[in-house]
Amino acid sequence: MKTRHKKGGIESGGGVSAALMMFPALFLLVVTSIYPFLWMFRYICSDYNGFVSYFTGPQNFIRMMNDQLFWQSVVHTFEYAFLKILFVMPLALVLAVLLGQKILGSGFFRAVYFMPTIISSAVYSLIFGFIYAVFNGSLNAILSAMGLISAPVDWLGNPDIVMLSIVIVAVWGGLGNYMILLLSGMSSISADIYESSKLDGANGIQTFFRITLPMLSPILKVVLMLAITTAFKDYQSIMVLTNGGPNNRSQVMFSYIYQVVFGTNAVIPQIGYGTMLSVVSALIIGVVTAIYLFISRKLDDVV
Amino acid sequence: MKKPVLCALTATMMAVSLAGCGSAAPSSSAATTETGHAMPSAAGGKTVVEVWTNDRHDLDYVNKKTEEYNATNPDNIEIKQTVVTDDYFNMLTMAKTSGTAPDLAALNGGAAQFDLKVFAESGIIRPLNEYLENASEEYVRNTDYKDRLFEGMNALGDDIYWVPTGQRSGTRVLYNKTLFQEAGLTEFPKTLDGMVEAAKKITDAGGGKFYGYAATSSSPAERCMEGVAEKSGQNQYGYDYANGKFDFSGYKPIVEGFKQMFADGSVLPGSQNQQVDAMRAQFAAGTVGMWPNASQEAGVFTTQFPIDSFEWGVAEIPTLDGMVHGAQTAVPQKGYMMFADTDVPDAAWKVIEYFASEDFLKGYFESGFSLPSSKHMQQVVDSTKSGRIQDFGTYDYESVYPLPPSVTIEGEDRRTVLWSAAMGERDIDEAIADLNKRYNEALDRDVAMGKVKRLVIKDFDPLHPNEGTVEYRNQ
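Chains as they are written, first to last, in the numbering used here: chain A, 4 to 306; chain B, 750 to 1224.
Listed below in structure tokens is the structure:
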């Protein structure tokens, strides 16, 4: 406590203690993120199976450029991310607004909607696998009981609807998380503003569009950015539900990279080529994020 | 009061999550990973032999026998076993590079992630030849090891790296006898066409309540398309051993048969997207006529999903014309490889001999963990004790194919492509042409790069795949 009062103590002592405090985080960042990222570049031009590395020059790059499966998976990733965000963000916002009000049971429903976030995606995907089952699956049973379908739908085996089935699971799993983030953003909006708008006679919809949304926009921007990067990196539930099938229709970038890096039961791991794909995928996500940030900044200027 | 509690809770959660990160390493015996190499002078002057395994199903039995051995063996050896189930072969490699490798590692044949050639040439494991030459009579008798050498799987040329003590049966078809009767079928068909027809009849009799056949998303080609192909003379790897190149052409009629089954609607709808346990549950519930899988199902349908409501049979895989034209793969199991860096090779060998002793193996097989692979053990084991696994007993035509070179193919692997063709997602001729092209391109490239050698067995006989003259070429 004494040093605090010494002249200049705050700067010099603070510097050391700040460095010390940052050290664990920095250490973990270097060891678990930066080092592995740099490590990848060692093998980007190699055929590497985990033991012996063979230099192959531009072979991996040429292969990547001509790899139809990879580029298909990139398209699927965009499709998945677009659909997921299209549904999850508005729904999360609506829920946040509804449950942000102090009404009976809002705490309970918050907990209910947040629940999927704390369940492992592998577990709930497995359960959805049973729900989607063609034979004796509960979703088909409900729909046919309601008279909406005449024959069971192959939710995960039909190439036309498999992506939608996966997006439903993703929305279910991600909804609560974004709802909580938006709720915490909304709690920072002063109650006085709502009160005065009420006095001015604004109705609920007006309040939402004129007050909540504009005042939430800084948080919304960050949440949306998180949602975009997360959606581009999602692959766990896909691996459990379809493993990329049918016929690679639900293969996304990272599920494909996983298969390349870790091998399947009929092919050895191809770590060298996997690192090439990882770097390209990171670039793609980086570019998407940069474009989003650029656009959101421009929008700020306009607003 | 709330804040300190919250802080404490958060701190605990962080600590737990960090501990979780740490436990990615093998965890069952902390001492194992910390001590690194087994030092000859461990507790009580005992020689510690560290053993890693990725088998969990037999753990209780192995632990019990290990404790017995530790307490009674005259050589003062102590076995320390560690179970590593996730990413086993990567973990072994990492342990080797970080200097914490065990002395022995258990393994089963047929894991695509394990390339014997790489493990041997990188100096991770050592050949067992010098020990095998002086092996005890009991060891030779219990393992028949000279008849259990499979090129590329446990041996490279004259060097022998591990010896299996047991085996898994080749794929069989488990069938529901009640549903067979309802469909007017009296016995299991011998041909693929017969099986396709039987599946259709059962499905027709079921009227939407039960179906002829069930597929799964877990390695579907393996159950049982590959088995049919192998017995019909087309090996599962699509490798033309006599000419040293890949040729998947022989798969055509087999893939067509399975495609027909899908086209007939005889496959349980959606089963191709369901995991293996979900389909086991369906078979046990009586909604599936035929369910293809190997000897592990004996335990599954007696303990995991016990079947009481109907009788089930175990049939041999059908072939194209009902005759056997090639060996069917029966995966060798439960062998131990010795790490090159071990400080206690002699003691490690003694442990290998113990795991192949009659005392150990008899109980092992009678518990139904695996099938005996030597003539002696087949006679010794009391099959009445081992339950339904005896129905999966081995056949003369079962063997192991020499492993073709592991090549770095571009695009999808053979199993994915062929199954995709069977499900009607792509044209069969196009799929086979695509596989031939990509696999041979990869082989040529990897041979030129010096990564693999071309395996040629000029006098290859598909019925006796291990009896030919093995030749490795650099071109």
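For glycine and all other residues, C-beta sits at the position ideal for the given N, C-alpha and C. Since the structure is predicted, the reported quantities are computational estimates derived from the model, not experimental observations.
Given residue i, which residues of its chain have a CB within under 7 Å of its CB, disregarding the five upstream and five downstream residues?
i, result
"Val1063/B", "Arg921, Leu923, Asp1140 and Phe1141"
"Val165/A", "Leu159, Thr245, Pro249, Arg252 and Ser253"
"Pro1067/B", "Pro938, Lys939, Thr940, Leu941, Gly943, Met944 and Val977"
"Tyr818/B", "Ile828 and Tyr1103"
"Lys926/B", "Phe1059, Glu1060, Trp1061 and Gly1062"
"Ser168/A", "Tyr135, Trp158 and Leu159"
Let me know the secondary structure DSSP gives residue i once reduced to three states.
i, result
"Leu1204/B", "strand"
"Asp908/B", "strand"
"Leu151/A", "coil"
"Glu1159/B", "coil"
"Ala779/B", "No answer about Ala779/B holds up, because its pLDDT of 33 lies below 50 and its placement is not dependable."
"Val922/B", "strand"
"Lys1134/B", "helix"
"Met25/A", "helix"
"Leu271/A", "In the sequence as presented, Leu is not what sits at residue 271/A; that position holds Ile. Coil at Ile271/A, not helix or strand."
"Asp1013/B", "coil"
"Glu1216/B", "coil"
"Ser1106/B", "coil"
"Gly961/B", "strand"
"Asn878/B", "helix"
"Ile826/B", "strand"
"Asn1042/B", "strand"
"Gly915/B", "strand"
"Gly266/A", "coil"
"Tyr62/A", "The residue asked about is misnamed: residue 62/A is Gln in this sequence, not Tyr. Helix at Gln62/A."
"Tyr1150/B", "coil"
"Asp799/B", "A small fix is needed here, since residue 799/B is Glu in this sequence, not Asp. In this structure, Glu799/B counts as strand in the three-state DSSP scheme."
"Trp1061/B", "strand"
"Gln209/A", "helix"
"Gly1048/B", "helix"
"Arg1164/B", "helix"
"Pro39/A", "helix"
Take residue i and list the residues in its own chain whose beta-carbon comes closer than 6 Å to its own, dropping the five residues that flank it on each side.
i, result
"Ser258/A", "Tyr238, Ile241, Met242 and Gly247"
"Leu841/B", "Ala854"
Suppose you measure from the CA of residue i to the CA of residue j; what does that come to, to the nearest Å?
i, j, result
"Pro119/A", "Ala1047/B", "37 Å"
"Leu23/A", "Val33/A", "15 Å"
"Trp307/A", "Phe64/A", "Past the edges of chain A, shown from 4 to 306, lies residue 307/A, and the structure says nothing about it."
"Tyr1113/B", "Asp852/B", "22 Å"
"Ser1119/B", "Phe1109/B", "13 Å"
"Val1149/B", "Pro1211/B", "10 Å"
"Leu1192/B", "Leu296/A", "46 Å"
"Met1028/B", "Phe959/B", "13 Å"
"Val100/A", "Leu280/A", "40 Å"
"Leu219/A", "Ser193/A", "11 Å"
"Ser968/B", "Thr1091/B", "36 Å"
"Glu1179/B", "Ser56/A", "33 Å"
"Pro221/A", "Tyr38/A", "33 Å"
"Gly103/A", "Ile294/A", "31 Å"
"Tyr810/B", "Met1086/B", "20 Å"
"Gln862/B", "Ser1015/B", "34 Å"
"Thr892/B", "Ala1033/B", "35 Å"
"Lys301/A", "Leu227/A", "16 Å"
"Thr267/A", "Lys1083/B", "22 Å"
"Trp74/A", "Arg1163/B", "21 Å"
"Tyr1188/B", "Ile1181/B", "11 Å"
"Gln830/B", "Met902/B", "24 Å"
Excluding the five sequence neighbours on either side, which residues of its own chain have a C-beta within less than 8 Å of the C-beta of residue i, listed in chain order?
i, result
"Asp1195/B", "Pro1154, Val1156, Thr1157 and Val1201"
"Ile47/A", "Asn63, Gly275, Thr278, Met279 and Val282"
"Lys307/A", "Since the first residue shown for chain A is 4 and the last is 306, residue 307/A is missing from the structure and cannot be characterised."
"Gly140/A", "Phe133, Ile134, Pro155 and Trp158"
Kindly give me the distance between the Cβ atoms of residue i and residue j, rounded to whole angstroms, as I take these residues to be in contact under 8 Å.
i, j, result
"Leu94/A", "Val172/A", "Contact flag wrong, Cβ pair sits at about 14 Å."
"Lys1001/B", "Ile1177/B", "6 Å"
"Phe138/A", "Pro1018/B", "5 Å"
"Glu979/B", "Gly1075/B", "5 Å"
Any C-beta of chain D sitting closer than 8 Å to the C-beta of residue i?
i, result
"Met974/B", "In the structure shown, chain D cannot be found, because the protein chains are A and B."
Any contact between the segment 1031 to 1047 of chain B and the segment 178 to 196 of chain A? By contact I mean 3 or more CB pairs, one from each, below 8 Å. no
Are the segment 962 to 972 of chain B and the segment 911 to 919 of chain B touching, with three or more C-beta to C-beta distances below 8 Å? no
Kindly confirm or deny that the segment 274 to 293 of chain A and the segment 50 to 66 of chain A touch, where touching means at least three C-beta pairs closer than 8 Å. yes
Stretch-stretch touch, CB-based, cutoff 8 Å, three pairs: the segment 879 to 886 of chain B with the segment 925 to 938 of chain B: no
Does the segment 899 to 908 of chain B come into contact with the segment 869 to 885 of chain B, if we say contact requires no fewer than three beta-carbon pairs (one atom in each stretch) closer than 8 Å? yes
Three or more beta-carbon pairs under 8 Å between the segment 1126 to 1146 of chain B and the segment 1163 to 1173 of chain B, yes or no? no
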